[in-house]
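S.K.: Structure incoming, see below.
Residue numbers (my numbering), protein chains in the order written: chain Z, 1058 to 1657; chain E, 1058 to 1657.
Spelled out as structure tokens, the structure:
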């Protein structure tokens, strides 16, 4: 190897040239010589029509053997300049396949590929009508019986779902459904979004009073229309709601509010769905080809069975049903759980003058919001990142370029730094009896989110209340039973209670499938989310990607969409391309569908 | 001069250094040696607290003598690279004054200043809370009796205009009032926008069916929140309306719709306005310090007195009252006028099956939309310009950098090219009897717009109907009188008519002042718009800037805002800074208030 005498850009282009030539020649053996012994190739739709990471040369060989003839990749071209740091050379690049254009990222170690990301950006012949491709809008020249924009829009809105069937129905009109709807609108895919609340954004408005987004603004943009540059760092919930409502209108989404899905069945003969919805109380049957569940990763409430619950004379509800603390001034409240919802609800209750006890059953990871922003997100999502030219899309792709298998190794040093930085804070929490962890391997918050979707709190203030006892804490115990006016705990203690809140988290999104389609289909697709890391609440075997998210499932023409605002924004792009390709009849053979290991 | 051996950037920085040193030394004589014999300095608020062009060394001396001691300019620093073309070197630069930061543009000829632009961008200590200055949004940490964003917003909305007085009232909630309102919101200036229609955007929605913006999308962005990149080139009117409505909400503007201004009086004692409005039928008195008229440059209808008008048994109305052609299928219509409105209305009537005659009293300038985009706007406002890095703000500043005195010399070659390019088209129009011009000096559309606000049509299709006789034409005549069922013309001819539309244009915006304040105040401030070029409908003397627009008028604390979407967007910035400075008690001595030469 003589790469050391070449610039990072030259090294990358040389690698791409050799790689491209090997693929064009269908010479997989030569292609594999370009990969290091430890290597990862993450593909978002471009090669696999799947969201798939292949790990090591053998898996890469298998993937190439299966896909190369059809994909016909070429035009591998570095984009911008390459960089070198700590012995790793990296750069962006573009490429094409027979049917699509793509963008990717390459990391070389010693001239060989360590990580490769390939993503589809657009289907040839089906590009978004943006920039130079935008429509004219006016039809210049005179014509009799002209229909204007408003007439066409009104007519289409009336027809879709009645005389004309949408190609896609999205169940759930929160930020996930709305963002995906915008992507599909741009691609010309007739789509109907179903939302049970009266207005877009209500799922945010309905939440407790003091809620603001826990992630900062740079992380939270919707597709296509970024927040204005004076948007607050942490958006208040009603402002998020108003933005989503406005976004839905401006993007001209077909959005049925006050509409609840009752059931959905797949007809094997016609290969379409029968989706029964109640629209403002009136039953409507929709017949889309594709059905997307966008009801939130945290949408299906987990309520534990507690002995004596029926005998309790106070109020008890799951955190998702909690109306906020205003009605509970002076009341005695027990909150079961110690993750995000539990903390937020405890703080809100305390602010409203309730006497609150948090019940911590097992250890929790706490990351202070400021520290998280500076240490974990700042390099990609911050004012400083923007000033360095890291656009939101660049940040998203960078995030996506790290294979899940080694992602924890990127995160552990961040959380080591956090431990040091906030040592006093953590010591105070521990003195109050709070059980802390940083994940089993010390990889912190985002890995916990990916693996189990729970087990942490982004501290925006509640931890101080716990540390100084304003929120009372019972840790290392569980509720044993409810009595008419009190709660008994596993350590034999008892507390009077007017309200019990179960901040006990959520089940897998396929719970919605069980409810709306059938238990059989729910079991066929299996659990959503989680990587199979073998850590708590994320049993193996290793999957390499989040289960069932944004990619084909074992139930044809059924999809799951969700995640935080960054994930919804970014992965909606790939889900939309998969749906568009199917609508246009492009062949989409899926590589690498795995078996289902877990049902829920 | 040894400038020829230096790069354009070096020449510009050297000039700025010498200029800055002379100004710091208050040595106006030395400063003047840096200007060419033909020279122009256009200042937007930074030096003059006015919108003012000084022309030639003597005027520059007078301006510097009056302002220098107070302004204390320094930190003259080139921004980006200088360029040289056709013997002119130009570059952007930044500078500071005692109270503000600014941005400017310099054109050198032979090392001496030919044109200089200085603009204020922000007041020190009162910067917009954007980017790194943005607010946090969430108040982390727990606090009892917390008010959230929605509560604060709702409470402020209820108070403003009732228990709390706005600092500024803007009469007119079209794109002008809304854009200015957004600027003021960012600067923390309590502002109330008054709009007679029920919803923001209705002034667009209420117009005739086929209307789309005549200017292309790149020209039309609102401040702070650009249209998404799939926005059509020519926005349909209802889509503009929806965007403005959404923008008003997202920007959290205080916007009273269904509210009409009845009268406004300035109280010399309290130095505030008494503005009486009808809000949803209920009288409310507002007491702002500053009053802005944003009712549209084309807001105050000009209706000619026509003999026999009272005897006419059909319908007659001004173009601004015209509901669109749908009700006039099969009817005979005479449209008096041959500018934009006349053409649009004739085409719409023809599309709806009316028998239409256009009455052209005098020659009209026609510019085909495509040609206008490519030849006149393309360099600054287009996809190509964006690809070259010309942002909207850069384009606006470039536009602003050309002094009005010589602007026609920039435009004449463009319209010469247009004449050639569209020679066939113009020949066909002339064969149909249409009287054409390109402005008295051949400078075309935008100069006509600035000088008289009329006299042209941007062709989006109607001209072909005129050329081939589908729209009938009577040119070089006027209406002599109306009869019960017909119109008689000055050439002795007569046409049967069911409808007469007066597409006869608009009076000066100070007509609104006469109506709402008093004739005396209207006469004191005089005519709005126009440059005093001495061409038709723009009598001299030369003013150097548009009369009364976006700058102090002879009536203290009263302002005019308006113009096309580019002007509204750009000049709202400078009007907002003038208002903010006054609210904060910053000294704002105005240099160069001219006498009033014309009343209307």
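Every residue, glycine too, gets a C-beta built ideally from N, C-alpha and C.
Note that the coordinates shown come from a computational prediction; the quantities given were computed from them, not determined experimentally.
Please compile the residues from chain E whose C-beta is within a distance smaller than 7 Å of the C-beta of residue 1243/Z.
M.R.: Counting from 1 along the first chain, the entry for residue 1243/Z is found at position 186. Neighbours of residue 1243/Z on chain E, chain order: 1287.
S.K.: Can you list, in chain order, the residues of its chain with a C-beta nearer than 6 Å to that of residue 1559/Z? Leave out the 5 residues immediately preceding and following it.
M.R.: On the first chain, residue 1559/Z is found 502 positions in, with the first residue counted as 1. 1360, 1375 and 1393, listed in sequence order.
S.K.: Going residue by residue through the region 1063 to 1113 of chain E, where are the continuous alpha helix (DSSP H) segments of at least 4 residues, counting only ones entirely within it?
M.R.: Segments of the alpha helix (DSSP H) lying fully in the region 1063 to 1113 of chain E: 1065 to 1081 and 1085 to 1089.
S.K.: For the region 1186 to 1211 of chain E, enumerate the residues whose C-beta is nearer than 7 Å to any C-beta of chain Z, in chain order.
M.R.: Against chain Z - using a Cβ distance shorter than 7 Å - the residues of the region 1186 to 1211 of chain E are 1186, 1187, 1188, 1189, 1191, 1192, 1193, 1194, 1195, 1197, 1198, 1199, 1200, 1201, 1203, 1205, 1206 and 1207.
S.K.: For residue 1492/E and residue 1389/E, I'd like the C-alpha separation in whole angstroms.
M.R.: Position 435 of the second chain, counting from 1, holds the residue named residue 1492/E. Position 332 of the second chain, counting from 1, holds the residue named residue 1389/E. Going from the Cα of residue 1492/E to the Cα of residue 1389/E covers about 23 Å.
S.K.: So with CB distances below 7 Å, who are the chain E contacts of residue 1267/Z?
M.R.: By 1-based counting over the first chain, the position of residue 1267/Z is 210. Going along chain E in sequence order, the residues near residue 1267/Z (Cβ under 7 Å) are 1203 and 1205.
S.K.: Sorted by chain position, which residues of the same chain lie with C-beta nearer than 7 Å to residue 1406/Z's C-beta, five sequence neighbours on each side aside?
M.R.: For the purposes of this step, residue 1406/Z is taken as residue 349 along the first chain, with counting starting at 1. Within the same chain, residue 1406/Z has close Cβ partners 1382, 1385, 1390 and 1413.
S.K.: Which complete beta strand (DSSP E) runs does the region 1403 to 1431 of chain E hold, if anything under 3 residues is left out?
M.R.: Segments of the beta strand (DSSP E) lying fully in the region 1403 to 1431 of chain E: 1412 to 1417 and 1422 to 1425.
S.K.: Extract the residue ranges of the alpha helix (DSSP H) inside the region 1200 to 1233 of chain Z, only unbroken runs of 4 or more that lie entirely within it.
M.R.: Fully enclosed alpha helix (DSSP H) runs of 4 or longer: 1206 to 1216.
S.K.: Residue 1380/Z versus chain E: which residues are under 8 Å apart at the beta carbon?
M.R.: As a working mapping, residue 1380/Z is identified with position 323 in the first chain. Simply none; closest approach about 15 Å.
S.K.: Just to confirm my understanding: we take residue 1644/Z, look at its own chain, exclude 5 residues before and 5 after, and list those with CB closer than 6 Å. What are they?
M.R.: Counting from 1 along the first chain, the entry for residue 1644/Z is found at position 587. So no residue of the chain qualifies.
S.K.: First and last residue of the beta strand (DSSP E) that includes residue 1578/E?
M.R.: Looking up residue 1578/E in the second chain gives position 521. Where residue 1578/E is concerned, there is no enclosing beta strand (DSSP E), although the alpha helix (DSSP H) it sits in stretches over 1576 to 1582.
S.K.: Run through the region 1294 to 1327 of chain Z for me and flag every whole beta strand (DSSP E) of 3 or more residues, listed as ranges in chain order.
M.R.: Those beta strand (DSSP E) runs which fall completely within the region 1294 to 1327 of chain Z and span 3+ residues are 1316 to 1324.
S.K.: Taking all protein chains shown into account, decide if residue 1083/E is buried (16 or more other Cβ within 10 angstroms of its Cβ) or exposed.
M.R.: One-based indexing of the second chain puts residue 1083/E at position 26. The residue in question, residue 1083/E, is exposed, as its Cβ has fewer than 16 Cβ neighbours within 10 Å.
S.K.: Output the boundary residues of the alpha helix (DSSP H) element that contains residue 1534/Z.
M.R.: Within the first chain, residue 1534/Z is the residue found at index 477, counting from 1. Run containing residue 1534/Z: none; DSSP gives neither H nor E here.
S.K.: Going by the beta-carbon positions, is the gap between residue 1210/Z and residue 1295/E smaller than 9 Å?
M.R.: In the first chain, residue 1210/Z corresponds to position 153, counting from 1. In the second chain, residue 1295/E corresponds to position 238, counting from 1. Closer than 9 Å, so yes.
S.K.: Hey, would you say residue 1486/E sits closer than 9 Å to residue 1524/E, going by beta carbons?
M.R.: Residue numbering aside, residue 1486/E sits at position 429 when the second chain is read from its first letter. Residue numbering aside, residue 1524/E sits at position 467 when the second chain is read from its first letter. Closer than 9 Å, so yes.
S.K.: For chain E, is any of its Cβ atoms less than 9 Å away from the one on residue 1527/Z?
M.R.: In the first chain, the residue the question calls residue 1527/Z occupies position 470. Judged by the 9 Å Cβ criterion, residue 1527/Z is in contact with chain E.
S.K.: Closest Cβ-Cβ distance between residue 1310/Z and chain E: below 9 Å?
M.R.: As a first step, residue 1310/Z is located in the first chain; it is residue number 253 there, counting from the start. It does not: the Cβ of residue 1310/Z has no partner Cβ on chain E nearer than 9 Å.
S.K.: Please confirm if residue 1640/Z has its CB atom under 9 Å from at least one CB of chain E.
M.R.: Taking the first chain and counting its residues from 1, the one referred to as residue 1640/Z is at position 583. No, residue 1640/Z lies away from the interface with chain E (no Cβ there is under 9 Å from its Cβ).
S.K.: Roughly how many whole angstroms lie between the Cα atoms of residue 1379/Z and residue 1557/Z?
M.R.: Here residue 1379/Z corresponds to residue number 322 of the first chain, with the count starting at 1. Here residue 1557/Z corresponds to residue number 500 of the first chain, with the count starting at 1. Those two C-alpha atoms are separated by around 10 Å.
S.K.: Quick check on residue 1299/Z - is its C-beta less than 9 Å from some C-beta in chain E?
M.R.: Sequence index remark: in the first chain, residue 1299/Z carries index 242 (1-based). For residue 1299/Z, the answer is yes, since a Cβ of chain E falls inside 9 Å of its Cβ.
S.K.: Should residue 1362/E go down as buried or exposed, given a rule of 16 or more other Cβ atoms within 10 Å for buried?
M.R.: Taking the second chain and counting its residues from 1, one reaches residue 1362/E at position 305. With fewer than 16 other Cβ atoms within 10 Å, it is exposed.
S.K.: Opposite residue 1340/E in the DSSP bridges: which residues?
M.R.: Translated into positions along the second chain, residue 1340/E becomes position 283. Per DSSP, 1335/E.
S.K.: Buried or exposed: where does residue 1292/Z fall if 16 or more other Cβ atoms within 10 Å of its Cβ makes it buried?
M.R.: Here residue 1292/Z is taken as the residue at index 235 of the first chain, counted from 1. Residue 1292/Z should be labelled buried.
S.K.: Inspect the CB distances between the region 1142 to 1150 of chain Z and the region 1069 to 1080 of chain Z and report whether three or more fall short of 8 Å.
M.R.: Judged by Cβ distances under 8 Å, the region 1142 to 1150 of chain Z makes contact with the region 1069 to 1080 of chain Z, as three or more pairs qualify.
S.K.: Anything in the region 1416 to 1427 of chain E with a Cβ closer than 7 Å to a Cβ of chain Z? List those residues in chain order, please.
M.R.: Going along the region 1416 to 1427 of chain E in chain order, one finds 1426 with a Cβ nearer than 7 Å to chain Z.
S.K.: Can you tell me the Cα-Cα spacing of residue 1059/Z and residue 1114/Z, whole angstroms?
M.R.: For the purposes of this step, residue 1059/Z is taken as residue 2 along the first chain, with counting starting at 1. For the purposes of this step, residue 1114/Z is taken as residue 57 along the first chain, with counting starting at 1. Only weak support exists for where residue 1059/Z lies, its pLDDT of 46 falling under 50; the value from the coordinates is given anyway. Whole-angstrom Cα-Cα distance: 23 Å.
S.K.: Evaluate residue 1350/E with the Cβ neighbour count: other Cβ atoms within 10 Å of its Cβ, from every protein chain shown; 16 or more gives buried, anything less gives exposed.
M.R.: What you label residue 1350/E is simply residue 293 of the second chain in a count that begins at 1. With 16 or more Cβ atoms within 10 Å of its Cβ, residue 1350/E is classed as buried.
S.K.: Report yes if the C-beta distance between residue 1280/E and residue 1236/E is below 9 Å; otherwise report no.
M.R.: In the second chain, residue 1280/E corresponds to position 223, counting from 1. In the second chain, residue 1236/E corresponds to position 179, counting from 1. Closer than 9 Å, so yes.
S.K.: Please report the straight-line C-alpha distance between residue 1432/Z and residue 1183/Z, rounded to a whole angstrom.
M.R.: Taking the first chain and counting its residues from 1, the one referred to as residue 1432/Z is at position 375. Taking the first chain and counting its residues from 1, the one referred to as residue 1183/Z is at position 126. Distance between the alpha carbons of residue 1432/Z and residue 1183/Z is about 40 Å.
S.K.: Closer than 6 Å by C-beta to residue 1704/Z: which residues in its own chain qualify, once you throw out the five before and the five after it? Chain order, please.
M.R.: For chain Z, the structure presents residues 1058 to 1657; residue 1704/Z sits outside this window and is missing.
S.K.: Going by DSSP, name the residue or residues bridged to residue 1553/E.
M.R.: Taking the second chain and counting its residues from 1, one reaches residue 1553/E at position 496. According to DSSP, which records beta bridges pairwise, residue 1553/E is partnered with 1543/E.
S.K.: By the three-class DSSP mapping on this structure, what secondary structure does residue 1058/E have?
M.R.: Taking the first residue of the second chain as 1, we reach residue 1058/E at position 1. Note that residue 1058/E has pLDDT 43, beneath the 50 cutoff, so the model's placement of it is unreliable and the number below is only indicative. Here residue 1058/E sits in coil by DSSP.
S.K.: Counting only the same chain and skipping the five closest in sequence on each side, list residues whose C-beta sits under 8 Å from that of residue 1091/E.
M.R.: Locating residue 1091/E in the second chain gives position 34, where the first residue counts as 1. Taken in chain order, the residues that qualify are 1072, 1075, 1076, 1079, 1169 and 1170.
S.K.: Beta strand (DSSP E) containing residue 1471/Z: first to last residue?
M.R.: Numbered from its first residue, the first chain carries residue 1471/Z at position 414. Not the beta strand (DSSP E): residue 1471/Z falls in the alpha helix (DSSP H), residues 1461 to 1478.
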